[in-house]
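S.K.: The structure under discussion is supplied below as structure tokens; questions concerning it will follow.
Residue numbers (our numbering): 11 to 260.
Quick look at the structure:
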């Protein structure tokens with residue numbers, strides 16, 4: 011009789027097979043560890059590769075956002091954009107600007123910027139003072155006046171110091187000249203101008219009419235009287251009665 015036809019033998023065989031399967035499941039085989047380790051490594055690498063791009067994107071996003079915001083702000087002129095410096099007024103070439111009342115340094119720069127390279131200055135009060143520091147002087151009159159003019163034309167500026175008033179009337183600024191050996195009118199002129207005009211022709215002697223003060227800085231003194239009078243032959247010595255410019259002739 012075959013064993014599988016006997017019910018008892020068949021049950022015993024089935025129990026034996028079950029027991030063997032249980033024992034096999036409880037045994038810790040090496041191939042099982044290797045398989046699980048390999049599967050774990052593959053899963054870890056896949057997870058790492060998935061997280062890396064995401065983290066890179068998350069890190070770069072704020073930078074991109076800030077850069078985009080900065081670019082957009084500059085493009086649309088937001089408060090974060092850089093303010094451009096104000097431009098200076100354009101200068102019209104070959105047009106003499108109105109320089110009256112302007113600081114001499116600024117007036118000189120303005121005339122040069124307009125294309126006029128020949129700019130001269132003179133003391134508008136007729137005292138013959140020189141302008142060593144332009145920022146101490148202001149323009150009273152100019153020649154030519156404001157308007158178009160050839161750039162070769164010299165621009166002459168009559169000036170006084172900032173703490174002085176411009177002359178109410180035209181004051182001669184050129185040196186008086188001897189004509190036909192006759193003495194010119196010297197009144198109202200500064201002592202240094204008279205001395206320069208008579209140099210080589212006559213000796214000049216200046217005397218204070220309001221006291222006995224020495225006449226040291228001759229640009230500060232104005233001629234009130236002269237001897238001999240205007241129109242007389244030029245003598246060897248010309249006597250001048252003078253006062254300071256802030257004073258009146260007696």
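Just so you know, even glycine gets a beta-carbon here, dropped at the ideal spot from N, CA and C. Bear in mind that the values here come from a model prediction, so they are computed numbers and not experimental data.
#1: Since residue 252 is in the beta strand (DSSP E), which residue starts that stretch and which ends it?
#2: Residue 252 and residue 218 - do their beta-carbons sit closer together than 8 angstroms?
#3: Once the 5 residues before and after residue 144 are set aside, which same chain residues still bring their CB inside 7 angstroms of it?
#4: Using CA atoms only, rank isn't needed, just tell me which of 191, 107, 150 and 166 is closest to residue 178.
#5: Do residue 194 and residue 123 come within 8 angstroms of each other at the CB atom, strictly closer than that value?
#6: Less than 8 angstroms between the C-beta atoms of residue 228 and residue 207, yes or no?
#7: By the three-class DSSP mapping on this structure, what secondary structure does residue 235 have?
#8: Hey, how far is the Cα of residue 99 from the Cα of residue 121?
#9: For residue 128, which residues from the same chain have a beta carbon less than 8 angstroms from its beta carbon, with the 5 sequence-adjacent residues on both sides left out?
#10: Give the secondary structure of residue 122 by DSSP, where H, G and I count as helix, E and B as strand, and everything else as coil.
#11: DSSP on residue 269, reduced to helix/strand/coil?
#12: Can you tell me whether DSSP reads residue 114 as helix, strand or coil?
#13: Which class does residue 176 belong to by DSSP, given the choice of helix, strand or coil?
#14: Any idea what DSSP makes of residue 185, helix, strand or coil?
#15: If you drop the 5 nearest sequence neighbours on each side, which residues of the same chain put their C-beta closer than 6 angstroms to that of residue 131?
#16: Can you look up residue 206 in the DSSP assignment and give me helix, strand or coil?
M.R.: Inspection of the coordinates gives the following:
#1: 247-254
#2: yes
#3: 114, 115 and 118
#4: 150
#5: no
#6: no
#7: strand
#8: Because the pLDDT of residue 99 is 31, which lies under 50, any placement of that residue in the model is unreliable, and the number read from its coordinates should be weighed accordingly. Each residue's alpha carbon lies about 14 angstroms from the other.
#9: 162, 163, 164 and 165
#10: helix
#11: What is shown of the chain runs 11 to 260, which leaves residue 269 out entirely.
#12: helix
#13: coil
#14: coil
#15: 141, 167 and 169
#16: helix
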